[in-house]
DNA sequence: GCTCTGACGATTT
DNA sequence: GAAATCGCCAGAG
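Residue numbers (this note's numbering): 164 to 265.
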């Protein structure tokens, strides 16, 4: 699995996100030094070489909406709820409170 | 090197 | 508050 430096940095940063917390694509993009590259970040997560290791399910929209997931939206919701993250109508409950800032 | 695509984001109506 | 629009960056062909 060959990944670019950008993708590797994104995945690595994502691993630093603690359990029960969520982050956004934009914040993740900033953490790797590419503000505004939220889309590219999403593309990188989509490859998701190590699904269980990399908590890609903890990445959501800046609005607090879930966004997407390679394994399916339902799967993402289940994982989040399993960590204590409330999900209501495809939206994160208390998103601002559990938002992880790098 | 150009063009298209996509798990986004902020602005506007 | 919801929906539509435009702009954004990194890969793949």
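Glycine residues also receive a C-beta, built at the ideal position from the N, C-alpha and C atoms. The structure presented is a predicted model; accordingly, all values stated were derived computationally and were not measured.
I need the straight-line Cα distance from residue i to residue j, nearest angstrom please.
| i | j | result |
| --- | --- | --- |
| residue 239 | residue 230 | 10 Å |
| residue 197 | residue 172 | 11 Å |
| residue 195 | residue 175 | 10 Å |
| residue 199 | residue 177 | 17 Å |
| residue 166 | residue 182 | 25 Å |
| residue 193 | residue 264 | 11 Å |
| residue 207 | residue 250 | 24 Å |
Leaving aside the five residues before and after residue i along the sequence, list all residues of the same chain whose C-beta is less than 7 Å from its C-beta, in chain order.
| i | result |
| --- | --- |
| residue 209 | 233 |
| residue 108 | Residue 108 lies beyond the stretch modelled for the chain, which goes from 164 to 265, so this question has no answer here. |
| residue 248 | 183, 185, 255, 261 |
For the alpha helix (DSSP H) containing residue i, name the first residue and the last one.
| i | result |
| --- | --- |
| residue 173 | 168-178 |
| residue 244 | 236-245 |
Among the options, which residue has its Cα nearest to the Cα of residue i?
| i | options | result |
| --- | --- | --- |
| residue 201 | 184, 223, 180, 215 | 223 |
Suppose the cutoff is 8 Å on Cβ atoms and the five residues either side in sequence are ignored; what does the same chain contact list for residue i look like?
| i | result |
| --- | --- |
| residue 187 | 201, 222, 223, 224, 225, 262 |
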